[in-house]
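Residue numbers (our numbering): 32 to 1035.
Structure representation (structure tokens):
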């Protein structure tokens, strides 16, 4: 090896301290003819594996290093000589990051303990050539200064770095020859020669799943399978046995048995602890996972292909994404830590990067420009799409407005040019939404660890891609709110009615469920709600679980165009036909219509002669939507249809046109079956146990005032009264209140408090500006000492410090204290209590400090607190409070003042309720809505004209409306919050959401 070796190099993984991306560093090293290259990011190893792979691909020797903080304000450079040194680097980085999210310096004691396999250098050692790299080219210096200013949250001043310290660009061979002696350069070669780390990437390791003596993973999986066959089928028929053996051989030949055992054990734990689960993705195509309890969908019954999940040609390991009730997901992760050891378990780190719209705001702020300049550039930058983030380069091509700003405004050009250099840099570390890794030995043998800066969880410094390269399989633990809703609904049914619902085995042919869906009563269900989906369900009138699965799969861009054909064929069986008879095998459940991504893959396999590996390549290529790649795949597949499938050229072309929209957007069939099952379960519970189900929905949405409002409106439509919060009877969550006729206990009768019909009581947790701590304190005190006999009794007994001005005001304004403060007042005493809020707080403080011997004691009676007279709170003000704090109106409705006009308009057919409009009117139709304006957002068009987006609501629901400049100019005086109007406009459907395009407005 000859020549200089760069040993002090930083990448963008030094987080706002350096600019270079790793591929650019390696490319630059290659251009300079360097045979080796080190990466020494500051206090982390985030980029180590990416760097290692890039160097290997470029035939450059990778040197894994670290620029570390050392006690006493010093720095030290560390390099791994071998695998022992690499593991010690990971240990040292972990040790400085797992006790403090901000990191702590290394100590000499740590270095002494883990010095094996490491080379240590002083970064200021003058006997060796150690130029520092923080950016690639001299011209990047200004962008680097801006990057540093972004980190420091202050303006960047050009020339703010001393000239002698400014040469932080990647050194060229010419620069090195001029600046350093041969001896200094030779020492870099000596270091490089000692560093011989060879990483074994892509060799999978599995957790040490505990086994009985003298057993192995394959035998244990076999036992689990045979036990599962008995539970699921009683005994194995030929189809079951043949499929199980086929899958078992592939799983065991690839060495994946321990992975399946670990996942099966996790889900068994969840079931034992009544944590509802489901599985997403293609894994439901496996019969082995069905019989071992990993999935709950029989792939034979649903005709789900195993090969979509795992096949002999697939190079990557299986991927089982587990969904848990979101309020209990952490319990399962804690079980994993307890079973395998906390040192072996961590969540996966991820990086937030500086994307186009964000980076221009950052750069503008760092340059000291007014907020509006960066904001205007960001707003002119189009959004990207999932998997295809927007870049500033592409934004200039796609946005004429941005291009015009760039060409005509000097400051915009400066911001965008600097942004293009900084764009894509890692900005911060976060936690992967679902990924967890479980190692057979301490994780520091495979990856460096740190604390999540926000939540304090232990996470890997490697992202999901580097983690997989390191050989650790990612276990995805996802949370779904609807599973929590189902579990809560099942619990409430048992509690209130004594009925145990086996949610995993509810009948899939329940007529009440399908009748409810056919009526379009989908609000609050999983995957089946929303105006667009609801309208299609009403037209479809589903009768089987396969209809539900198909709708879950089809209701997305691309496949959505096929929904009318699916509906038509369901109701007219004579219209069912197949482009080729061989397609009936996998399209019979869908009436001959392509519904799932699997249908595309099976068509390529059955009619085009593709292998599963080729079919998967087709899927990925079409998903990327690169024109040249798409054209190549089209030609290959059509050739296969003609040569292998013996189709005519015309039929092959027709088949391609059917396939094209599905490959990029289609659901895989197993995923649709799993999610369709959960969707059906939510519909089943709503149809059969509406009271308990809607109470569970409301509890799950606590804190989201807008959603609570929508769900309360749905309860009203269903004839389920939602009672306001009340400190005398509310619990934290929404609770089911059985009417007087259904009361079984004195306690239940007390909870009902005059309710003559089944209803739902508002929970204290759902009052805005009211914390859980004080809610729990009220519930606990009521349980201890019984209901409160007066307002003073309440203030004396609730001693929690969180009963303060903000929380007491929320209780009063929401009406939760009406029963205690309302004697003699039509407003529940809200006006008087708010007028004398300070008196109430002083009473509470005195009672808390001195017990009953307070300065108010001895005033006599059960209520020793008499409030001076005060005006009652006007109805309009009470309604405003209720809407703000609860998301619903309790004391009346603002529309009551025009309810006769509304009723007459509805009766005469001049206007529909908003709920009726969403259910009955087709998009594109002109209709009339009447209601109250809840919100107004005025914006400027590119031409500088004003237009508005408003939200209009009636007793039955709400809808967004857009008022374009001409109509807005004509009716501007009417477009005011709280005004009651009639609006004539065209119903529009955008991405499944309905809105109105206003034409005329009129005051009611």
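Backbone N, C-alpha and C fix where the C-beta goes; we use that ideal spot for every residue, glycine too.
| Check | Outcome |
| --- | --- |
| Through-space distance from residue 126 to residue 476, alpha-carbon basis | 13 Å |
| Span of the beta strand (DSSP E), counted from its first residue to its last, around residue 849 | Per DSSP, residue 849 belongs to no beta strand (DSSP E); it is in the alpha helix (DSSP H), 849–852. |
| Coarse secondary structure for residue 628, derived from DSSP in three states | helix |
| Meets three-Cβ-pair contact criterion under 8 Å: the segment 443–454 and the segment 391–404 | yes |
| Contact check, residue 154 vs residue 102, beta carbons under 8 Å | no |
| Every unbroken alpha helix (DSSP H) inside the segment 942–1017 [4 residues or more] | 945–951 and 996–1002 |
| C-alpha distance - residue 837 paired with residue 845, whole-angstrom precision | 12 Å |
| Separation of residue 314 from residue 336, as counted between CA atoms | 10 Å |
| Given residue 350 as reference, the closest of 316, 1027 and 371 once Cα atoms are compared | 316 |
| Residues near residue 275 in its chain [Cβ-Cβ closer than 8 Å; skip 5 each side] | 256, 260, 267, 318, 319 and 322 |
| Three-state secondary structure (DSSP) of residue 1024 | strand |
| Residues near residue 143 by beta carbon distance below 6 Å, same chain, minus five either side | none |
| Nearest neighbour of residue 575, chosen from 847, 454 and 539 [CA to CA] | 539 |
| Same chain, Cβ closer than 6 Å to residue 620, neighbours up to 5 away in sequence not counted | 577 |
| Beta-ladder partner(s) of residue 93, from DSSP | 68 |
| Between the CA atoms of residue 853 and residue 827 - distance to the nearest angstrom | 18 Å |
| Where residue 353 falls: helix, strand or coil (DSSP) | strand |
| Of the listed residues 434, 384, 817 and 296, nearest to residue 371 (C-alpha basis) | 296 |
| Residue 464 versus residue 505 - alpha carbon distance | 12 Å |
| Stretch pair the segment 344–364 + the segment 624–636: three plus CB contacts closer than 8 Å | no |
| For residue 952 and residue 779, the rounded distance between their alpha carbons | Confidence is the limiting factor: at residue 779 the pLDDT is only 47, short of 50, which leaves the residue's position unreliable, though a coordinate-based value still follows. Going from the Cα of residue 779 to the Cα of residue 952 covers about 43 Å. |
| Complete alpha helix (DSSP H) runs within the segment 453–530 (minimum length 4 residues, chain order) | 495–500 and 512–528 |
| Residue 496 burial status per 10 Å Cβ neighbour count (16 or more: buried) | exposed |
| Beta-carbon contacts of residue 359 that lie in its chain and below 6 Å, excluding the five residues immediately before and after | 306 |
| Where residue 380 falls: helix, strand or coil (DSSP) | strand |
| Among 222, 963, 63 and 587, the one whose alpha carbon lies nearest that of residue 111 | 222 |
| Per DSSP, the bridge partner or partners of residue 345 | Residue 345 is not bridged to any residue. |
| Top-ranked residue by Cα proximity to residue 794, from 818, 764, 819 and 808 | 764 |
| Reference residue 798; option with closest CA among 848, 513 and 789 | 848 |
| Minimum length 4: unbroken alpha helix (DSSP H) runs contained in the segment 645–705 | 658–674 and 680–696 |
| Residues near residue 875 in its chain [Cβ-Cβ closer than 7 Å; skip 5 each side] | 826 and 834 |
| Residues bridged to residue 927 (per DSSP) | DSSP output for residue 927 lists no bridge partner at all. |
| Chain-order list of residues whose beta-carbon lies under 8 Å from that of residue 615 (same chain, five-residue window excluded) | 609 and 623 |
| Outcome for residue 1111 when other beta-carbon atoms lying within 10 angstroms are tallied against a minimum of 16 | A query on residue 1111 cannot be resolved here, the shown segment of the chain reaching from 32 to 1035 and no further. |
| Check whether residue 51 and residue 239 have beta carbons under 8 Å apart | no |
| Beta-ladder partner(s) of residue 815, from DSSP | Note: residue 815 sits in no beta bridge, so no partner. |
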